[in-house]
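Q:
2 protein chains.
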Amino acid sequence: MVKVIVDAMGGDYAPLEIVKGCVDAACDFDIEITLVGQEDKVKAELDKYQYDKNKIKIVHADEVIGGCDEPTSAIRNKKNSSLCVALSMLAEEKGDVCVSAGNTGALITGATLIVKRLKGVRRVALAPLMPSSSGAFILLDAGANVECTSAFLKQFAVMGSIYMEKVMNVTNPRVGLVNIGEEENKGTALAVETNAELKKLDLNYIGNIEAREIPQGGADVVVCDGFTGNVILKFMEGMGVVFYKMLKDVFYKNIISKLAALFVKSGIKSLKKTMDYTEYGGAPILGASKPVIKAHGNSNAKAFYHAVKQAVMLVENGVIDEIKKNIEKFEVK
Amino acid sequence: MVKVIVDAMGGDYAPLEIVKGCVDAACDFDIEITLVGQEDKVKAELDKYQYDKNKIKIVHADEVIGGCDEPTSAIRNKKNSSLCVALSMLAEEKGDVCVSAGNTGALITGATLIVKRLKGVRRVALAPLMPSSSGAFILLDAGANVECTSAFLKQFAVMGSIYMEKVMNVTNPRVGLVNIGEEENKGTALAVETNAELKKLDLNYIGNIEAREIPQGGADVVVCDGFTGNVILKFMEGMGVVFYKMLKDVFYKNIISKLAALFVKSGIKSLKKTMDYTEYGGAPILGASKPVIKAHGNSNAKAFYHAVKQAVMLVENGVIDEIKKNIEKFEVK
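Chains as they are written, first to last, in my numbering: chain A, 1 to 333; chain B, 334 to 666.
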């Protein structure tokens, strides 16, 4: 039975949607959930539902880290926040995995300072699953490290590859390095060096990939520095918003187009779902010594349910142990 | 009468589509076009059309720079290529503006080495116009300089602002710096420094913008290093391809959806056109001492026609002189 520690106060719709998502997850999976947060508020939400009392409990935490709090000072100064208490419980092995929809920077900082990195891991990476026309890919780093070295990027490639293999069941995942051309001499000094280094690793490294190939499923593991990754993540989000707005305008134009909309409603809905990265659960913070999942800040109950499900898979498939073994192996080389 | 020098051998469909686009442009505008390239091939194309012989002439150039040629060595070693001859003619003032759909890197290198930069300009920038849901924005740098300093980025902001004002008639263009958050302390050391520097300039600088705001028209002038800009340009292209493929699948699903497609055909077509950046003419190479336009490599006659039209506007609106004045003004500060 996997023990999931949840930051019940993190996210735009906390604790309401977080608690609801957890009740649903506890109903469907063989798990035990600890909701960490302001007890009165969490209890008030929890009391709305029928649930197995053995599967959900509350641990009180006074403070809350807000979305605008500066990450490092929040982790240092708000020791009694739901996010810090949840991560501390994970560090003390009072649970197997921690999930939070709260402040991304604080969760990444906390994963490093409270949970700590795996031995040999230089930096943790924020690694969201993203949609492509041929399935899903993992993007890392999506913003944990704005400045990277090739040593960081090499480890991101290894960690992402393991995640896609173990959790997403992709055999021999194709690893690509984001660059502005496919040739070896292309890009920044960092890109040229990293491309050369990645070739030496025992990975299915397919070389530099240009950004136009990313949404077309050009690689299963997309490696880049956190600045570039964050730009890709947010640009995709913005493009999605624009496409659907424009598509809506096409269908709302006149009575004929409105009729057409009825005929393809379900198809358009499923297209939207396919390209919406919030549908793909949360983003693991890879490289931490224990599993930490960042759920989307705007998670509703369903999205948080999926993040909890993903957390369970991360634990059951032994991703952290696998990363540990491989980082050690590659360090020896 | 604007004198346009055209690299007739550059681009995927050269000289066929290039010549056709030029014939159409010569018909519609009060211009004189010089087609530079292998005379027999260019003449064979030209002979297919009726045109005013006073408005189009051919200048022979033996060699051709291919799409895969390494830019610097191509410029150094293929002096008799259509691209080099065209740029040399511009440098010698045998024309007012040069347009090429050829090798992007070679054109940028040639703009620097043959045409030369404006006095005070540190680097030229590739500056494509890109579509957003509320119009168009200029993105610079889109790939001329993979590594940048804040001094380069400041000049890109000034040049992009002038282009949007003079050519696109945007009053007081909003300039934004691509970053991973809006706060001042966000991003790389370069982003933090550039954000502080841009505030000091006499521009309508709106601060850091996140990538999700870019396709939503968050700024008229989007400033970033050439690595990030190239990723944005190509990612947008890839997203477009994926989106239309998926939309097609929705409409081709069954007889009902095919019927629906008929009802919204024109709307979808215009949506596609709005979001297709190749519809927006070419990309000026800003910072060169004379106007140079990079047309899309896959330009057909229509796209090249638009690039020529853009070239004429660049000349008629005195963009280069305006940039010259402003770079000097800002250098004094």
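Where a beta carbon is used, it is the ideal one built from N, C-alpha and C, also for glycine.
Determine, using beta carbons only, whether residue 667/B and residue 634/B come nearer to each other than 8 angstroms.
A: For residue 667/B there is no data in the structure shown, the boundaries of chain B being 334 and 666.
Q: Residue 476/B versus chain A: which residues are under 8 angstroms apart at the beta carbon?
A: Chain A residues near residue 476/B: 180.
Q: Please determine, among 317/A, 6/A, 5/A, 4/A, the residue with the shortest C-alpha to C-alpha distance to residue 162/A.
A: Measuring from the Cα of residue 162/A, the nearest candidate turns out to be 317/A.
Q: So which residues of chain A does residue 555/B contact, with C-beta pairs closer than 7 angstroms?
A: The contacting residues do not exist; residue 555/B stays about 11 angstroms from chain A at best.
Q: So for residue 431/B, helix, strand or coil by DSSP?
A: Here residue 431/B sits in strand by DSSP.
Q: Determine, using beta carbons only, whether residue 593/B comes closer than 8 angstroms to chain A.
A: Judged by the 8 angstroms Cβ criterion, residue 593/B is in contact with chain A.
Q: Are the C-beta atoms of residue 67/A and some chain B residue less than 8 angstroms apart?
A: It does not: the Cβ of residue 67/A has no partner Cβ on chain B nearer than 8 angstroms.
Q: Between which two residues does the beta strand (DSSP E) containing residue 447/B stretch?
A: Segment: none, residue 447/B is in no beta strand (DSSP E) and carries neither H nor E.
Q: I'd like to know whether the C-beta of residue 441/B is nearer than 8 angstroms to at least one C-beta of chain A.
A: It does not; no Cβ of chain A falls within 8 angstroms.
Q: So, residue 660/B versus residue 472/B, is the Cβ gap smaller than 8 angstroms?
A: For residue 660/B and residue 472/B, no; Cβs fall outside 8 angstroms.
Q: Looking at chain B, which residues of the stretch 230-247 of chain A have a Cβ within less than 8 angstroms of any of its Cβ atoms?
A: Against chain B - using a Cβ distance shorter than 8 angstroms - the residues of the stretch 230-247 of chain A are 230, 231, 232, 233, 234, 235, 236, 237, 238, 239, 241, 242, 243, 245, 246, 247.
Q: Quick one: what's got a C-beta closer than 6 angstroms to residue 352/B's C-beta in the same chain, skipping five residues either side?
A: If we look at residue 352/B and ignore the five residues flanking it on each side, its Cβ neighbours are 378, 379.
Q: Which residues in chain A sit within 9 angstroms of residue 561/B, going by Cβ to Cβ distance?
A: Ordered by position in chain A, the residues that pass the 9 angstroms Cβ test against residue 561/B are 227, 228, 231.
Q: CB-CB under 6 angstroms to residue 305/A, same chain, minus the five flanking residues each way: which ones, in chain order?
A: Correct list, in chain order: 21, 24, 25.
Q: Could you tell me which of 249/A, 130/A, 166/A, 286/A sits nearest to residue 222/A, measuring between CA atoms?
A: When each option's Cα is compared against that of residue 222/A, the closest is 130/A.
Q: Near residue 552/B, which residues of its chain fall below 7 angstroms by C-beta distance, leaving aside the five closest residues on each side in sequence?
A: Cβ neighbours of residue 552/B beyond the five flanking positions: 470, 507, 508, 509, 539, 542.
Q: Quick test of your reading: residue 640/B and residue 621/B, contact by CB under 8 angstroms. State the CB separation rounded to the nearest angstrom.
A: With 8 angstroms as the limit, residue 640/B and residue 621/B do not qualify as a contact, their Cβ atoms being about 16 angstroms apart.
Q: I need the boundaries of the alpha helix (DSSP H) containing residue 378/B, first residue and last residue.
A: 372-379 is the extent of the alpha helix (DSSP H) around residue 378/B.
Q: Sorted by chain position, which residues of the same chain lie with C-beta nearer than 7 angstroms to residue 100/A's C-beta, five sequence neighbours on each side aside?
A: Same-chain partners within the cutoff: 7, 10, 83, 86, 107, 294, 295.
Q: What residue does the alpha helix (DSSP H) around residue 139/A start on, and which one ends it?
A: Element bounds for residue 139/A: not the alpha helix (DSSP H) but the beta strand (DSSP E), 135-140.
Q: What do you reckon, are the CB atoms on residue 340/A and residue 291/A nearer than 8 angstroms?
A: The structure shown does not extend to residue 340/A, since chain A is modelled only from 1 to 333, so the question has no answer here.
Q: Between the alpha carbons of residue 109/A and residue 636/B, how many angstroms are there, rounded?
A: Going from the Cα of residue 109/A to the Cα of residue 636/B covers about 49 angstroms.
Q: Buried or exposed for residue 409/B, going by 16 or more other Cβ atoms inside 10 Å?
A: Its Cβ having fewer than 16 others within 10 Å, residue 409/B is exposed.
Q: Listing by chain order, which chain B residues have their CB less than 9 angstroms from the CB of residue 271/A?
A: Here the neighbours are 576, 579, 580, 582, 583.
Q: Which whole-angstrom value is the C-beta distance of residue 458/B and residue 619/B, which I expect to be below 8 angstroms?
A: With 8 angstroms as the limit, residue 458/B and residue 619/B qualify as a contact, their Cβ atoms being about 5 angstroms apart.
Q: List the residues that DSSP assigns as beta-bridge partners of residue 538/B.
A: Looking at the DSSP assignment, residue 538/B forms a beta bridge with 508/B.
Q: Against chain B, which members of the stretch 191-221 of chain A pass a CB distance test of less than 7 angstroms?
A: Cβ contacts with chain B: 210, 211, 212, 213, 214, 215, 216.
Q: Measure the alpha-carbon distance for residue 423/B versus residue 399/B and round it to whole angstroms.
A: Whole-angstrom Cα-Cα distance: 21 angstroms.
Q: Along the chain, where does the alpha helix (DSSP H) that runs through residue 283/A open and close?
A: Where residue 283/A is concerned, there is no enclosing alpha helix (DSSP H), although the beta strand (DSSP E) it sits in stretches over 283-286.
Q: Can you name the start and end residues of the beta strand (DSSP E) that residue 590/B belongs to?
A: It is not in any beta strand (DSSP E) - residue 590/B instead sits in the alpha helix (DSSP H) that spans 588-608.
Q: Identify the contact partners of residue 268/A in chain B, using a Cβ-Cβ distance below 7 angstroms as the criterion.
A: Chain B residues near residue 268/A: 583.
Q: So, for residue 225/A: in the same chain, excluding its five sequence neighbours on each side, which residues have a beta-carbon less than 6 angstroms away from its beta-carbon?
A: Cβ neighbours of residue 225/A beyond the five flanking positions: 148.
Q: From this set, 384/B, 397/B, 367/B, 391/B, which residue's C-alpha is nearest residue 345/B's C-alpha?
A: If we check each option's Cα against that of residue 345/B, 397/B comes out closest.
Q: Could you tell me whether any Cβ in chain B is nearer than 8 angstroms to the Cβ of residue 256/A?
A: Yes, contact with chain B.
Q: Would DSSP call residue 294/A helix, strand or coil?
A: DSSP places residue 294/A in strand when its eight states are reduced to three.
Q: Can you tell me where the beta strand (DSSP E) holding residue 214/A begins and where it ends?
A: Careful: residue 214/A lies outside any beta strand (DSSP E) and carries neither H nor E.
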